[in-house]
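Q: My numbering runs 12 ahead of the 1-based position in the sequence shown.
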Amino acid sequence: MSADSRWRFGRVWHGLVLGLLVAVLSSCVYFNTFYNAEKYFRDAEKKRTKYERELGNRSVNQRARGTYEGLYEKAVRKASLVLDKHRESDLVDDAMFLIGRALYWKRDYQYASRSLQDLEDNFPNSEFLDQARYWRALCLDKLSQPEEARALFRSLMSDRRPIVGALSGLRLGEMSDRDEDWNSAIQQYRSTLEAFPRTKLRSQLWLRIGRAHMALDEPGQIDSSLAAFSQALQADPPDSIEYRARLLSGQALYSKGDGEAALAVYEKLLREGRFRGWEGETRLLIGDYHRARADIDQALAEYEQIRDDFPQSDVSARALYETGLLYLRQEGDRLLASEYLEEVSKEKQGSIADSLAREMIKTFTALDDLLENVFEADSLAAVAMHPPQPEPELGPETKEGQDPDSTGVDEVATLDSTSVSMPDTVVAEVSAVIDDTSSVAYEDTASYLPAFDETGRWQPLVTRPSLREQNDEEDDEERQRRIQQARSRRSRTARTETLEDQLFTVADLYRAGMEQADSAAHFYGVLAQRFPKSPHVPRALWNLAWVHSTLRQDRQAAERPMRRLIEEFPTTVHAGAARRFLGFDAIPSAEDLAVQEFLRLEAPRLETPEQVERWLPGLDSLIQAYPRTLTAAKAAFVVARTLETVRPQDSVEVEARFARIGDEFSHTRYGELVRLRTQSKRDGMVARLERTLQRLGEGSRPGERLTLLAVEPVEEDSAGFSRKFLGLGMRALRRGQFERAAEWFELSLEEKQTRNGLAHAGLGEAAWRQGYFSDAVEHFRTGLVNASTSVLPLHRLFEYHVREDNPDSANHYLRLTMRQDRDNIEVQRLVDRFPTLIRAEPEEVEISELETVEIAPDSTALELSPGFFTIVEEPFVRESVQPLYPAEANGDSAQVVVDILINEDGEPELVDVFSGDEPFVTAALAAARRYRFYAAEGRNEFLMPVWVELALTLKPPSISPPAIADAGEPAGAAE
Numbered sequence: 013m014s015a016d017s018r019w020r021f022g023r024v025w026h027g028l029v030l031g032l033l034v035a036v037l038s039s040c041v042y043f044n045t046f047y048n049a050e051k052y053f054r055d056a057e058k059k060r061t062k063y064e065r066e067l068g069n070r071s072v073n074q075r076a077r078g079t080y081e082g083l084y085e086k087a088v089r090k091a092s093l094v095l096d097k098h099r100e101s102d103l104v105d106d107a108m109f110l111i112g113r114a115l116y117w118k119r120d121y122q123y124a125s126r127s128l129q130d131l132e133d134n135f136p137n138s139e140f141l142d143q144a145r146y147w148r149a150l151c152l153d154k155l156s157q158p159e160e161a162r163a164l165f166r167s168l169m170s171d172r173r174p175i176v177g178a179l180s181g182l183r184l185g186e187m188s189d190r191d192e193d194w195n196s197a198i199q200q201y202r203s204t205l206e207a208f209p210r211t212k213l214r215s216q217l218w219l220r221i222g223r224a225h226m227a228l229d230e231p232g233q234i235d236s237s238l239a240a241f242s243q244a245l246q247a248d249p250p251d252s253i254e255y256r257a258r259l260l261s262g263q264a265l266y267s268k269g270d271g272e273a274a275l276a277v278y279e280k281l282l283r284e285g286r287f288r289g290w291e292g293e294t295r296l297l298i299g300d301y302h303r304a305r306a307d308i309d310q311a312l313a314e315y316e317q318i319r320d321d322f323p324q325s326d327v328s329a330r331a332l333y334e335t336g337l338l339y340l341r342q343e344g345d346r347l348l349a350s351e352y353l354e355e356v357s358k359e360k361q362g363s364i365a366d367s368l369a370r371e372m373i374k375t376f377t378a379l380d381d382l383l384e385n386v387f388e389a390d391s392l393a394a395v396a397m398h399p400p401q402p403e404p405e406l407g408p409e410t411k412e413g414q415d416p417d418s419t420g421v422d423e424v425a426t427l428d429s430t431s432v433s434m435p436d437t438v439v440a441e442v443s444a445v446i447d448d449t450s451s452v453a454y455e456d457t458a459s460y461l462p463a464f465d466e467t468g469r470w471q472p473l474v475t476r477p478s479l480r481e482q483n484d485e486e487d488d489e490e491r492q493r494r495i496q497q498a499r500s501r502r503s504r505t506a507r508t509e510t511l512e513d514q515l516f517t518v519a520d521l522y523r524a525g526m527e528q529a530d531s532a533a534h535f536y537g538v539l540a541q542r543f544p545k546s547p548h549v550p551r552a553l554w555n556l557a558w559v560h561s562t563l564r565q566d567r568q569a570a571e572r573p574m575r576r577l578i579e580e581f582p583t584t585v586h587a588g589a590a591r592r593f594l595g596f597d598a599i600p601s602a603e604d605l606a607v608q609e610f611l612r613l614e615a616p617r618l619e620t621p622e623q624v625e626r627w628l629p630g631l632d633s634l635i636q637a638y639p640r641t642l643t644a645a646k647a648a649f650v651v652a653r654t655l656e657t658v659r660p661q662d663s664v665e666v667e668a669r670f671a672r673i674g675d676e677f678s679h680t681r682y683g684e685l686v687r688l689r690t691q692s693k694r695d696g697m698v699a700r701l702e703r704t705l706q707r708l709g710e711g712s713r714p715g716e717r718l719t720l721l722a723v724e725p726v727e728e729d730s731a732g733f734s735r736k737f738l739g740l741g742m743r744a745l746r747r748g749q750f751e752r753a754a755e756w757f758e759l760s761l762e763e764k765q766t767r768n769g770l771a772h773a774g775l776g777e778a779a780w781r782q783g784y785f786s787d788a789v790e791h792f793r794t795g796l797v798n799a800s801t802s803v804l805p806l807h808r809l810f811e812y813h814v815r816e817d818n819p820d821s822a823n824h825y826l827r828l829t830m831r832q833d834r835d836n837i838e839v840q841r842l843v844d845r846f847p848t849l850i851r852a853e854p855e856e857v858e859i860s861e862l863e864t865v866e867i868a869p870d871s872t873a874l875e876l877s878p879g880f881f882t883i884v885e886e887p888f889v890r891e892s893v894q895p896l897y898p899a900e901a902n903g904d905s906a907q908v909v910v911d912i913l914i915n916e917d918g919e920p921e922l923v924d925v926f927s928g929d930e931p932f933v934t935a936a937l938a939a940a941r942r943y944r945f946y947a948a949e950g951r952n953e954f955l956m957p958v959w960v961e962l963a964l965t966l967k968p969p970s971i972s973p974p975a976i977a978d979a980g981e982p983a984g985a986a987e
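(1) Rounded to a whole number of angstroms, what is the C-alpha to C-alpha distance between Glu838 and Ile867?
(2) Taking all protein chains shown into account, do 16 or more other C-beta atoms lie within 10 angstroms of the C-beta of Pro968, making it buried, or fewer, making it exposed?
(3) By DSSP, does Ala682 sit in helix, in strand, or in coil?
(4) Starting from the C-beta of Arg942, find all residues in its chain whose C-beta is less than 7 angstroms away, skip the five residues before and the five after it, and write them out in chain order.
(5) Which runs of the alpha helix (DSSP H) at least 4 residues long sit entirely within the segment 191-230? Give them in chain order.
(6) Please check the pair Ala161 and Asp153, which I expect to be a contact at CB under 8 angstroms, by giving their CB distance rounded to whole angstroms.
(7) Name the two residues that bound the continuous alpha helix (DSSP H) containing Trp290.
(8) In terms of alpha-carbon separation, which member of Leu721, Glu900, Ser180, His225 lies closest to Phe880?
(9) Using a threshold of 7 angstroms, state whether the C-beta atoms of Ala590 and Leu577 are closer than that.
(10) Going by Cα to Cα distance, which pick from Ser325, Leu382, Ser196, Leu955 is closest to Ile364?
(11) Could you have a look at Gln907 and say whether DSSP puts it in helix, strand or coil?
(12) Just the C-alpha distance for Pro136 and Lys374, rounded to the nearest angstrom, thanks.
(13) When DSSP builds the beta bridges, which residues end up paired with Ile914?
(14) Classify Glu254: buried if its beta carbon has 16 or more other beta carbons within 10 angstroms, exposed otherwise.
(15) Give every residue of the same chain whose Cβ lies closer than 6 angstroms to the Cβ of Tyr638, excluding the five residues on either side of it in the sequence, and list them in chain order.
(16) Can you tell which of Asn952, Asp662, Glu886 has the C-alpha that lies nearest to the C-alpha of Leu718?
(17) What are the uninterrupted segments assigned as alpha helix (DSSP H) that are 4 or more residues long and contained completely in the segment 86-117, given in chain order?
(18) Kindly indicate which residue of Val624, Ser252, Arg303, Phe287 has the alpha-carbon position closest to the one of Gly271.
(19) Alpha carbons only, please: which of Gly362, Phe376, Leu511 is nearest the one belonging to Leu348?
(20) Going by C-alpha to C-alpha distance, which of Glu724, Arg746, Tyr80, Arg841 sits closest to Lys736?
(21) Compare the Cα-Cα distances from Glu622 to each of Ile635, Ala648, Leu655 and report the closest residue.
(22) Restricting to Cα atoms, I'd like to know which of Arg202, Arg295, Glu961, Tyr47 is closest to Ala936.
(23) If you drop the 5 nearest sequence neighbours on each side, which residues of the same chain put their C-beta closer than 6 angstroms to that of Asp520?
(24) If Tyr946 sits next to Arg890, beta carbons under 8 angstroms apart, how far is it from one beta carbon to the other, in whole angstroms?
(25) Look at Tyr201 and Arg214 and say whether their C-beta atoms are less than 7 angstroms apart.
(26) Just to confirm the assignment: which complete alpha helix (DSSP H) runs, minimum length 4, are found wholly within the segment 567-628?
(27) I'd like to check one pair, Phe750 with Arg781: are the Cβ atoms closer than 7 angstroms?
(28) For Ser47, is the classification buried or exposed, using 16 other Cβ atoms within 10 angstroms of its Cβ as the cut-off for buried?
(29) Rank Ala598, Ala227, Ser350, Asn385 by C-alpha distance to the C-alpha of Leu473 and give the top, closest one.
(30) Spatial neighbours of Asp597 within its chain, please: CB distance less than 8 angstroms, with the 5 preceding and 5 following residues excluded, ordered by chain position.
(31) Once DSSP output is grouped into helix, strand and coil, what is the label at Phe677?
(32) Confirm, please, whether the CB-CB distance from Leu265 to Met273 is below 7 angstroms.
(33) If Arg640 sits next to Pro547, beta carbons under 8 angstroms apart, how far is it from one beta carbon to the other, in whole angstroms?
(34) Could you give the residue range of the alpha helix (DSSP H) that holds Phe757?
(35) Counting pairs of Cβ atoms below 8 angstroms between the segment 953-960 and the segment 895-903, do you hit three or more?
(36) Over the uninterrupted alpha helix (DSSP H) stretch that includes Glu866, give me the two end residues.
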């Protein structure tokens, strides 16, 4: 070979080697990029699985969610590099599939669906095609597109794909569970078992079939559920499925009436060590078994063992809650029950039991306030009938120790034959009432006659809470202060509740809130007897019958109020329900007839509203024919609104119609709308009211109370972002998540470091609540330097210097607190105690006295007003959606707190979860996405996107009175 040939050959050889080397290096680059993406994804999966596993006992740190979502984000970024820079590689479909799943777990369902759709369109032969379709169906379901999701799931099932086919069948059944379509769910699970008889999901499918049969709550379904649970146990289930199937079998046996067999199932579960992790849940059911059999000691023993074996857990908190309920409902000891309920928060703050205990304590407070109001109104009526006579002067003929004759009202007799210790005389008590402003005016009790015994002694409707032996003077003062504050907050145009309104609410609190059958039955009976003309009587009689039949299990006692309903109020909906209960022939109620007539007469009004003569006479006749029905109230309101629109010149007639609605239908939601209309016209808020009136056919529902968090800023607005992070931090503080709060406050300071004292104050409060007092003091001082408007630093610095025995500094911050927190009740009392502290030349208070000072910032210290965000009109709910209780839940109530970004169109642009557990989170997010709102308004009616907090409560289906029992509207007397 010549030298020239060797040179050419060497050049070609070097070119080939160099090209091969470049190709290998390029392949290594994109392979390493995807390898890193997979590594981040695997790490995220591990952390997410751990997080979901720890959710069961709520021991998880809420920051863990942010940690695994951050790893998913890194995985998406790395995989995206493969798509951007190596489009010709053989890992593109792998990257697209990874991106879709990572975005799904980040809850970015829209972009996840797009990525998976791109994989289907561009790689029809990919090995990930079926899985991508399955994950895209999951995304569609999360995006509230259930029909599209169902179609895709069914397609995967029909293709008989061994893995995704069975999963798709399971998801289809879950969707039916979510809709509470139990028969469809059962059919879907069975179809999946038939199509995929060897699937590893067999045990889970049978378990869900059994649950669905139990949810149907029909005769014969219990046996079907037991058969399904037996099949689940024969399908080689994992421990979690086996435990749940056996536990539900026990519950099914209990529902069937075989309590002893149920107890045997529970006790056998306790003896098997592999179910130790669920022992607390099992013992709760054993405690319920003993409580139902009035074996109070054994039930208490079970609850106590739960608290000993599983302290600071969800089940121990639930055991404390159940102990409190046991003392309340079985022993009637509300004082002891309150002590246990107050301990629940210390046992496991944020647990489901904690929220239930807080609600029960609120019920106690509301009940006491109502009883106080009823007592005052009843005493006013008593004095009006028997006014006190002036005491005659004692003459010499009056014997020592002998009372002069008096015709005034005597000391109070008692309720339920229980002696009540009263002050000297009722006259003195009533005089104090008259000096104050009662929330129930006497004229609202004009149709009511107070009761007196044969000696002229007044027999009150209720026992005054302040007269209970357990309450001392401080408790009484606190209650009176709370009542006065509530009264002062009421609008001067608010509808005054009548005496029977409040008495009915008292009975309802005993029935639904506390399930104390004796007290509920007593007050319903008092209402029906002492207020025979009240529109509440039919509801009271029906609820009284429900108490006897459900709480007392006494059908014979329930028949008496039902027969009275049928005899005295034959055309009410409650009488119709009583007829069905007693097996009598049904007759149309007045409400049924009114609804039929309204539907017929409404058609011409909707077709030609301007032709008033065509539809007005008929609707007026309906109102006169059925005057005490809800439909008559609706018809009257519809007529008035339509006339206001088509005949604006007839304003006198229109206003007269609205006034009649306010008088004749004041108890209905239409009466409330009229009251709001009158108030709004007076206050110049007609535009806002017009939006409210569009909700004509809807009542107030749970899950409509929004808490403003922040305004969503534009990208370049650093001050806006600072305010947003500040608002989110304050909310985290209020919710007790101090680490998350600190993170938000730090982000706020990154956006705006100067004159951001509120963020420093928030950091200080977060550190203080966690016990880092030195760090907290440093933040509080920095906040004061940076123009903090919060009173938190003043309170905490005063407390800190008292602890550190620094009287000079303590006096200084106490003076500042007394000047800047004047609306605080505790501070107002302190001004009376140390008046010299706020003088121009204040006197120093000794440290020994400062140590006795107990003041704390009120709840508003952690809130930012709408004005802080330049909001004039806060957003509110236009359309709400009740979240569906998940079929896979275990029967407990749960609360999920979601954050919603409401855009200028009133749509939920973004929805995120702040707190809550699966499976409740998924159901709550699905409901929140279907909400519609009225947008927030700034100055000059400028619409603003804002973040709000919405707390949604998911309650399991339970036995309760028919909806008519508490539809919110009083039924009328017989037509």
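All residues carry an ideal CB built from backbone N, CA and C; glycine is no exception.
A: For this structure:
(1) Position 826 of the sequence shown, counted from the start, is the residue given in the question as residue 838. Position 855 of the sequence shown, counted from the start, is the residue given in the question as residue 867. Distance between the alpha carbons of Glu838 and Ile867 is about 6 angstroms.
(2) In the sequence shown, residue 968 corresponds to position 956, counting from 1. With fewer than 16 other CB atoms across the displayed protein chains lying within 10 angstroms of its CB, Pro968 is exposed.
(3) Walking along the sequence shown from the start, residue 682 turns up at place 670. Before going on, a small fix: residue 682 reads as Tyr here, not Ala. Collapsing the DSSP output to three states places Tyr682 in a helix.
(4) As a first step, residue 942 must be located in the sequence shown, where it is residue number 930. Residues of the same chain with a CB within less than 7 angstroms of the CB of Arg942, apart from the 5 flanking positions on each side, are Ser156, Val893 in chain order.
(5) Listed in chain order, the complete alpha helix (DSSP H) runs (minimum 4 residues) inside the segment 191-230 are 194-207, 214-228.
(6) Residue 161 sits at position 149 when you count from the first residue of the sequence shown. Residue 153 sits at position 141 when you count from the first residue of the sequence shown. Confirmed, Cβ separation roughly 4 angstroms.
(7) Within the sequence shown, numbered from 1, the residue matching residue 290 stands at position 278. In the DSSP annotation of this structure, Trp290 is not part of any alpha helix (DSSP H), being labelled neither H nor E.
(8) Taking the sequence shown and counting its residues from 1, the one referred to as residue 880 is at position 868. With distances taken between CA atoms, Phe880 lies nearest to Leu721 out of Leu721, Glu900, Ser180, His225.
(9) For the purposes of this step, residue 590 is taken as residue 578 along the sequence shown, with counting starting at 1. For the purposes of this step, residue 577 is taken as residue 565 along the sequence shown, with counting starting at 1. Yes, these two residues count as a Cβ contact at 7 angstroms.
(10) Within the sequence shown, numbered from 1, the residue matching residue 364 stands at position 352. Nearest of Ser325, Leu382, Ser196, Leu955 to Ile364, Cα basis: Ser325.
(11) As a working note, residue 907 is residue 895 in the sequence shown. Correct three-state label for Gln907: strand.
(12) Here residue 136 refers to the residue found at position 124 of the sequence shown. Here residue 374 refers to the residue found at position 362 of the sequence shown. Cα-Cα distance, rounded: 59 angstroms.
(13) By one-based count along the sequence shown, residue 914 stands at place 902. In DSSP, Ile914 forms a bridge with Pro920, Val958.
(14) Indexing the sequence shown from 1 puts residue 254 at position 242. In summary, Glu254 is buried, with 16 or more beta-carbon neighbours lying within 10 Å of its beta-carbon over all protein chains present.
(15) As a first step, residue 638 is located in the sequence shown; it is residue number 626 there, counting from the start. Excluding positions up to five away in sequence, the list reads Ala602, Ala606, Ala644.
(16) Your numbering for residue 718 matches position 706 in the sequence shown. Ranking Asn952, Asp662, Glu886 by Cα distance to Leu718 puts Glu886 first.
(17) Within the segment 86-117, the alpha helix (DSSP H) runs of at least 4 residues that lie entirely inside it are, in chain order, 104-117.
(18) Position 259 of the sequence shown holds residue 271. Out of Val624, Ser252, Arg303, Phe287, Arg303 has the C-alpha closest to the C-alpha of Gly271.
(19) In the sequence shown, residue 348 corresponds to position 336, counting from 1. For Leu348, the closest alpha carbon among the candidates Gly362, Phe376, Leu511 is that of Phe376.
(20) Translated into the one-based positions of the sequence shown, residue 736 becomes position 724. By alpha-carbon distance to Lys736, the top candidate from Glu724, Arg746, Tyr80, Arg841 is Glu724.
(21) For the purposes of this step, residue 622 is taken as the residue at position 610 of the sequence shown. Looking at Ile635, Ala648, Leu655, the one whose alpha-carbon comes closest to that of Glu622 is Leu655.
(22) Counted from its first residue, the sequence shown places residue 936 at position 924. The residue with the shortest Cα to Cα distance from Ala936 is Glu961.
(23) The sequence position of residue 520 within the sequence shown is 508, counting from 1. Closer than 6 angstroms at Cβ, skipping near neighbours: no residue.
(24) The residue you call residue 946 lines up with position 934 of the sequence shown. The residue you call residue 890 lines up with position 878 of the sequence shown. Between the beta-carbon of Tyr946 and that of Arg890 there is about 5 angstroms, and that keeps the pair under the 8 angstroms contact cut.
(25) By one-based count along the sequence shown, residue 201 stands at place 189. By one-based count along the sequence shown, residue 214 stands at place 202. The answer is no: Cβ separation not under 7 angstroms.
(26) List check, alpha helix (DSSP H) in window: 567-580, 585-594, 602-619.
(27) As a working mapping, residue 781 is identified with position 769 in the sequence shown. As a working mapping, residue 750 is identified with position 738 in the sequence shown. Contact flag set, yes.
(28) Here residue 47 refers to the residue found at position 35 when the sequence shown is read from its first residue. Position check: residue 47 holds Tyr in this sequence, whereas Ser was assumed. With fewer than 16 Cβ atoms within 10 Å of its Cβ, Tyr47 is classed as exposed.
(29) Numbered from 1 along the sequence shown, position 461 holds the residue referred to as residue 473. Closest option to Leu473, judged by alpha-carbon separation, among Ala598, Ala227, Ser350, Asn385: Asn385.
(30) Sequence index remark: in the sequence shown, residue 597 carries index 585 (1-based). Correct list, in chain order: Arg591.
(31) Mapped onto the sequence shown, residue 677 falls at position 665. It is coil, neither helix nor strand.
(32) Start at 1 with the first residue of the sequence shown, and residue 273 comes out as number 261. Start at 1 with the first residue of the sequence shown, and residue 265 comes out as number 253. In the sequence as displayed, the identity of residue 273 is Ala instead of Met. A contact, by the Cβ cut-off of 7 angstroms.
(33) On the sequence shown, position 628 is the one that residue 640 refers to. On the sequence shown, position 535 is the one that residue 547 refers to. Going by Cβ atoms, the distance from Arg640 to Pro547 rounds to 7 angstroms, so yes, they are a contact pair.
(34) Within the sequence shown, numbered from 1, the residue matching residue 757 stands at position 745. Run containing Phe757: 750-763, per the alpha helix (DSSP H) assignment.
(35) Too few Cβ pairs lie closer than 8 angstroms, so no.
(36) Taking the first residue of the sequence shown as 1, we reach residue 866 at position 854. Where Glu866 is concerned, there is no enclosing alpha helix (DSSP H), given that its DSSP letter is neither H nor E.
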